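See below for the structure under consideration.
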Amino acid sequence: MGKISAPRNNREFVEACVKSGDAVRIKQEVDWDNEAGAIVRRCCELGEAAPFMESIKDYPGFSYFGAPLSTYRRMAIALGMDPASTLPQIGAEYLKRTNSEPIAPVIVDRRDAPCKENILLGDDVDLCKLPVPLVHDGDGGRYVGTWHGVITKHPVRGDVNWGMYRQMMWDGRTMSGAVFPFSDLGKTLTDYYLPRGEGCPFATAIGLSPLAAMAACAPSPIPEPELCGMLSGEAVRLVKCETNDLEVPADAEIIIEGMILPDYKVEEGPFGEYTGYRTSPRDFRVTFRVDAITYRNNATMTISNMGVPQDEGQLLRSFSLGLELEKLLKSQGIPVTGVYMHPRSTHHMMIVGVKPTYAGIAMQIAQLAFGSKLGPWFHMVMVVDDQTDIFNWDEVYHAFCTRCNPERGIHVFKNTTGTALYPHATPHDRKYSIGSQVLFDCLWPVDWDKTNDVPTLVSFKNVYPKNIQEKVLNSWADYGFRGAKK
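Following UniProt numbering, the numbering of the sequence shown begins with 1 at its first residue and continues without gaps.
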């Protein structure tokens, strides 16, 4: 792999975004109480540049960076690509890098770790010393973790997990958050710590490099430190925690260390989520005791404000889920031509393009998708043929409305794994993570005769000879239309 010029930390990323016009510096003072969240939310809804808020009320020396990866332009910048790169180009680059050799992290001395510039231990530990924002009006509290990585390690297997699990500040030494039982952390807790009544060490890293955040959000089977190295083209710099044996990104802005308590829970929520709704009611959830806080000088807290599309919660998750499913299907020999999850589906619908070479292929795709580790994060799969551009919603919607037979093309799977965040789920189903899933088969039956049974698609590129198409395209401006529409 050639040299990659990706931003190595959050500060380089901010500067790169400012330089390209994809971030703006806000000099005036911004209130942590709702105002900062409102700015970020409006930026997401308008597709605006990311706000870098340099002056936070009550917190001199701290700043906010909101909506870090809520656009494909900023995702391209994070990967060291041209901001104008198309989504298929970004996806191809992601797949190329994640199919390369893993790059193991390196451990650095604490003296070389910027995240150790300020260290709070013992009685000095107080989350209120950080500019924790009230992200949405109506949230159950101020949320420390909205764009971050919660780092844990299985004590027997040794596998490390960087995951994005929301964390609400309960008091100066306590956080609570939603950890679903099917998540990696949820499985570690139920597999080992909770049955033994033991606390689970954790570290929350805030203000990660954009690719470290991408790794923490991606449902990849590759360990996140190695995945981050593969995406960036160089080893991730890690440093040992102050109060436990976990290793954290040395260039992160803020590190919070502590213990997940096995026998004590405090209330958390509600919180505006990636679905665009506030769905999970206040409840007693996984509780984190804080034992240490370390942070850089002039630290920046990253904020993702989840709500109606689009923000990082939809864009990055849909991007990585789609590509991981494409890798899975191809590994099983399915002749897929692409997989796309539109971020405005709030990463709930997979659109799969395939060469329909045999009967039942759509059902096979759905069973593989829903039965995989990725399955609980979406509940709809739409399968279209290889002549449909999966990135063109007009084509996809047309295929859905005209080729999906209401009786034979819609297949519902009941009593599957769901999440507490599904707006359409009943309160009972949310509480117990019960879901349902559906396949929309938009393929012509393989036993239909292609000449007599399959209807002809009437479109410019399908029914006219190539020479006529080329003549019309080349003469488009001469006809009096604006520009050459191709």
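We put the beta carbon where it would ideally sit given N, CA and C, even for glycine. A quick note: this is a predicted structure, and the numbers were derived from the prediction, not measured.
Note to self: Under DSSP, the alpha helix (DSSP H) around Ile-365 begins and ends at which residues?
What the structure shows: 361-371
Notebook entry, point to check: Which class does residue 487 belong to by DSSP, given the choice of helix, strand or coil?
Noted result: For residue 487 there is no data in the structure shown, the boundaries of the chain being 1 and 486.
Margin query: If I measure Cβ to Cβ from Ile-334 and keep anything under 8 angstroms in the same chain, skipping five residues before and after, which residues do I get?
Written below: Val-354, Ile-361, Gln-364, Ile-365, Leu-368
Checklist line | Ile-334 - containing alpha helix (DSSP H), residue span | finding: Taken as a continuous stretch (DSSP letters only), Ile-334 belongs to no alpha helix (DSSP H), as it is neither H nor E.
Item checked: Inter-stretch contact (C-beta, 8 angstroms, three-pair minimum) for the segment 249-261 and the segment 109-117 -> yes
Check: Is it true that the segment 3-21 meets the segment 65-80, where meeting means three or more beta-carbon pairs spaced less than 8 angstroms apart?
Finding: yes
Check: Helix, strand or coil: how does DSSP classify Met-380 here?
Finding: strand
Next item on the list: Could you have a look at Gly-145 and say whether DSSP puts it in helix, strand or coil?
Entry: strand
Next item on the list: Look at the Cβ atom of Gln-314, then the Cβ atom of Thr-346, and state whether they are nearer than 8 angstroms.
Entry: yes
Next item on the list: Please report the Cβ distance between Ser-176 and Glu-267, rounded to the nearest whole angstrom; I am assuming they are in contact, meaning their Cβ atoms lie under 8 angstroms.
Entry: 7 angstroms
Next item on the list: Kindly provide the ranges of any alpha helix (DSSP H) runs that are 4 or more residues long and lie completely inside the segment 124-189, ordered along the chain.
Entry: 184-188
Notebook entry, point to check: Do you know how far the Cα of Thr-279 is from the Cα of Tyr-422?
Noted result: 7 angstroms
Notebook entry, point to check: Quick one, are the C-beta atoms of Cys-442 and Val-381 less than 8 angstroms apart?
Noted result: no
Notebook entry, point to check: Run through DSSP, which three-state label would His-398 get?
Noted result: helix
Check: Is it the case that the Cβ atoms of Met-301 and Ile-206 are separated by a distance below 8 angstroms?
Finding: yes
Notebook entry, point to check: Based on Cα-Cα distance, which residue from Glu-198, Gly-269, Pro-181 lies nearest to Asp-139?
Noted result: Gly-269
Notebook entry, point to check: Taking Cβ to Cβ, would you say Phe-13 is nearer than 8 angstroms to Pro-155?
Noted result: no
Item checked: Given Arg-403 as reference, the closest of Thr-419, Ala-216, Arg-296, Phe-440 once Cα atoms are compared -> Phe-440
Next item on the list: With DSSP as the reference, label Arg-285 as helix, strand or coil.
Entry: strand
Next item on the list: Take the Cβ of Trp-170 as the centre, count every other Cβ of all protein chains shown within 10 Å, and call the residue buried at 16 or more, exposed below.
Entry: buried
Margin query: Whole angstroms are fine: how far does the CA of Asp-126 sit from the CA of Pro-88?
Written below: 45 angstroms
Next item on the list: Mind the definition here: the segment 227-237 touches the segment 89-105 only if three or more C-beta pairs lie below 8 angstroms; say whether that holds.
Entry: yes
Note to self: Suppose contacts are defined by Cβ-Cβ distances below 8 angstroms. Is Lys-57 in contact with Asp-22 by that definition?
What the structure shows: no
Next item on the list: Quick one: give me the first and last residue of the beta strand (DSSP E) that Leu-238 is part of.
Entry: 237-240
Notebook entry, point to check: If you pair each beta-carbon of the segment 467-486 with each one of the segment 421-435, do three or more pairs fall below 8 angstroms?
Noted result: no
Checklist line | For Ala-36 and Asp-311, believed in contact at Cβ under 8 angstroms, the rounded distance | finding: Rounded, the Cβ-Cβ distance is 14 angstroms, inconsistent with contact.
Note to self: Less than 8 angstroms between the beta carbons of Glu-242 and Ile-103, yes or no?
What the structure shows: no
Note to self: Looking at Arg-173: is its Cβ nearer than 8 angstroms to the Cβ of Val-290?
What the structure shows: yes
Margin query: On the CB-based measure, 16 or more other CB atoms within 10 Å of its CB, does Pro-249 come out buried or exposed?
Written below: buried
Notebook entry, point to check: Quick one, are the C-beta atoms of Val-239 and Pro-105 less than 8 angstroms apart?
Noted result: no
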